[in-house]
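Asks: Submitted below is the structure of interest, expressed as structure tokens.
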Amino acid sequence: MTKSTKEGAMLKFLSRNAIGRRAVLAVAVAALAVPLAAGAAFAQGKNVTLLNVSYDPTRELYNDYNKAFAKLWEAQSGGKLTVRQSHGGSGKQARSVIDGLEADVVTLALAYDIDEIAERGLIVQDYLKRLPDNASPYTSTIVFLVRKGNPKGIKDWDDVVKPGVSVITPNPKTSGGARWNYLAAWGYAERKNGKADDGRKFVEQLFKNVPVLDTGARGSLITFTQRNLGDVFLSWENEAFLAINELGKDKFEIVVPSISILAEPPVAVVDKVVDRKGTRQVAEAYLKGLYGKEGQEIAARHYYRPRDPEVARKYAEIFPNVKLFTIDEQFGGWTKAQKAHFGDGGVFDQIYKPSN
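The sequence shown begins at 0 in numbering that gives the first Met the number 0 and counts up by one.
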């Protein structure tokens, strides 16, 4: 592969995205500069390792993306790139980075968890402006996973708060997905009845139906699918599809509620770490690649909703059409939502009473 061919391949991987003509050009120019600079750093075949600290359900997504990105990077740089992964509940993962886990990049479930890292000076405060779409290269939402035949007849949010329905969801104190679940349910109740207090009553009733709280979404999936506990699992959309594909359509079904929340999982370079390790160029290229055509295709194949309109049209039949509200319009953003609902002494602490 010639030098120009190598640069062209990386440029294609990084910059063919749907973020507007000027934005595409900006990413393309940056993408071209990155491999050229990195090529010099890799001139003697140096090996580089990145650590991506992510949330629970992204294991399969980044396993595939890491292979694709590393293959192209190695072809144009002459060095070897290894991307290691760490997964767990998003809040717990953020705390690990704050406590010293040396992540080059974080790809977490929600902005507040990265905000917490930024507050400690490890990431720049305006990280959401560094990349398009609030630094969220893909989106998701919350759906219901039920057992085959849907024996409890669960069709919408009202059904998950009925007496006798056992609901599986992770702990909002440690899991980003659980916080999206909670806010999706709250927003549904408020929007249905138009009363602020209805959200609290609804979510309080929901958690009366929760027998156990795992620390992360993957743990809750195992509880539901392998321990056979619960009638319905409040699930990331991609996690529900994974269960169907891996465990069988003869065992589980996906139920799409009438309304849900737009989940935007953001990504960021951990500035203090990459500058100390000298991995900034590779780390930035790694995140930019998520917006490229190949990155968007990989995300869509793993049932994350792609940002690129062309890729989104290609996979449109996979993703159900559901009315979505945002955290900004319903709750005033993550800072307000976290403090009011999930901080110490917040609404969740007030309403959740674990069963003995």
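We put the beta carbon where it would ideally sit given N, CA and C, even for glycine.
According to DSSP, is F318 helix, strand or coil?
Replies: Position 319 of the sequence shown, counting from 1, holds the residue named residue 318. Looking at F318 - three-state DSSP - the assignment turns out to be coil, as it is neither helix nor strand.
Asks: Could you check the C-alpha separation between V211 and I350 for me, to the nearest Å?
Replies: What you label residue 211 is simply residue 212 of the sequence shown in a count that begins at 1. What you label residue 350 is simply residue 351 of the sequence shown in a count that begins at 1. Their backbone Cα atoms lie some 15 Å apart in a straight line.
Asks: Go ahead and label K248 buried or exposed: buried means 16 or more other beta carbons lie within 10 angstroms of its beta carbon, across all protein chains shown.
Replies: Start at 1 with the first residue of the sequence shown, and residue 248 comes out as number 249. Label assigned to K248: exposed.
Asks: Inspect the beta-carbon positions of T173 and G88 and report whether they are closer than 8 Å.
Replies: Counted from its first residue, the sequence shown places residue 173 at position 174. Counted from its first residue, the sequence shown places residue 88 at position 89. Their beta carbons are under 8 Å apart, which means T173 touches G88 by this criterion.
Asks: Bridge partners of Q84, per DSSP?
Replies: In the sequence shown, the residue the question calls residue 84 occupies position 85. Per DSSP, N51.
Asks: Considering only C-alpha positions, which residue in the set Y187, K313 and E118 is nearest to K292?
Replies: Walking along the sequence shown from the start, residue 292 turns up at place 293. Among Y187, K313 and E118, the Cα nearest to that of K292 belongs to K313.
Asks: Mapping the DSSP letters down to three states, classify V160 as helix, strand or coil.
Replies: What you label residue 160 is simply residue 161 of the sequence shown in a count that begins at 1. Coil at V160, not helix or strand.
Asks: Using the three-state DSSP reduction, which class does Y290 fall into: helix, strand or coil?
Replies: If you number the sequence shown from 1, residue 290 lands on position 291. In this structure, Y290 counts as coil in the three-state DSSP scheme.
Asks: Using the C-alpha atoms, what's the distance from A110 back to A336?
Replies: Position 337 of the sequence shown holds residue 336. Position 111 of the sequence shown holds residue 110. Roughly 11 Å separates the two Cα atoms.
Asks: With L233 as the anchor, note down where its beta strand (DSSP E) starts and where it stops.
Replies: Taking the sequence shown and counting its residues from 1, the one referred to as residue 233 is at position 234. Residues V231 to W235.
Asks: Entirely within the region 100 to 178 and at least 3 residues each: give me those beta strand (DSSP E) ranges in chain order.
Replies: 104 to 106 and 141 to 146
Asks: Is it right to say R119 is buried, meaning 16 or more other beta carbons lie within 10 angstroms of its own, or is it exposed?
Replies: The residue given as residue 119 occupies position 120 in the sequence shown. The residue in question, R119, is exposed, as its Cβ has fewer than 16 Cβ neighbours within 10 Å.
Asks: According to the Cβ coordinates, are V266 and V47 closer than 8 Å?
Replies: Within the sequence shown, the letter at position 267 stands for residue 266. Within the sequence shown, the letter at position 48 stands for residue 47. It is not a contact, given that the beta carbons lie outside the stated cut-off.
Asks: Three-state secondary structure (DSSP) at E263?
Replies: Looking up residue 263 in the sequence shown gives position 264. Of the three classes helix, strand and coil, the one that applies to E263 here is coil, per DSSP.
Asks: Evaluate contact between the region 66 to 80 and the region 214 to 229, counting only Cβ atoms and requiring at least three cross-stretch pairs below 8 Å.
Replies: no
Asks: Using the C-alpha atoms, what's the distance from A311 back to K194?
Replies: Here residue 194 is taken as the residue at index 195 of the sequence shown, counted from 1. Here residue 311 is taken as the residue at index 312 of the sequence shown, counted from 1. If I take the Cα positions, the gap works out to 35 Å.
Asks: Who are the near neighbours of A42 in its chain, counting only those whose CB is closer than 6 Å to its CB and skipping five residues on each side?
Replies: If you number the sequence shown from 1, residue 42 lands on position 43. Summary for A42: the model assigns pLDDT 33, below 50, so the residue's position carries little reliability, and this model does not support an answer.
Asks: Taking buried to mean at least 16 other C-beta atoms within 10 Å of its own C-beta, is D125 buried or exposed?
Replies: What you label residue 125 is simply residue 126 of the sequence shown in a count that begins at 1. D125 sits exposed, since fewer than 16 C-beta atoms from the chains shown fall within 10 Å of its C-beta.
Asks: Please go through the same chain and pick out, in chain order, the residues whose beta-carbon is closer than 7 Å to the beta-carbon of V33, but skip the five residues on each side of it.
Replies: Here residue 33 corresponds to residue number 34 of the sequence shown, with the count starting at 1. Annotation note: pLDDT 40 at V33 (below 50); position unreliable, coordinate value reported separately. Excluding residues within five positions, the ones whose Cβ falls inside 7 Å are Q280, E283 and A284.
Asks: Would you mind giving the Cβ-Cβ distance between N192 and T106, rounded to the nearest angstrom? I have them listed as a contact below 8 Å.
Replies: Within the sequence shown, numbered from 1, the residue matching residue 192 stands at position 193. Within the sequence shown, numbered from 1, the residue matching residue 106 stands at position 107. The pair is not a contact, with the Cβ atoms about 36 Å apart (cut-off 8 Å).
Asks: Using DSSP with H/G/I as helix, E/B as strand and the rest coil, what is L228?
Replies: Residue mapping note: residue 228 aligns to position 229 of the sequence shown, counting from 1. Looking at L228 - three-state DSSP - the assignment turns out to be coil, as it is neither helix nor strand.
Asks: With DSSP run on the structure shown, which of helix, strand or coil describes N208?
Replies: Locating residue 208 in the sequence shown gives position 209, where the first residue counts as 1. Reduced to three states, the DSSP call for N208 is coil.
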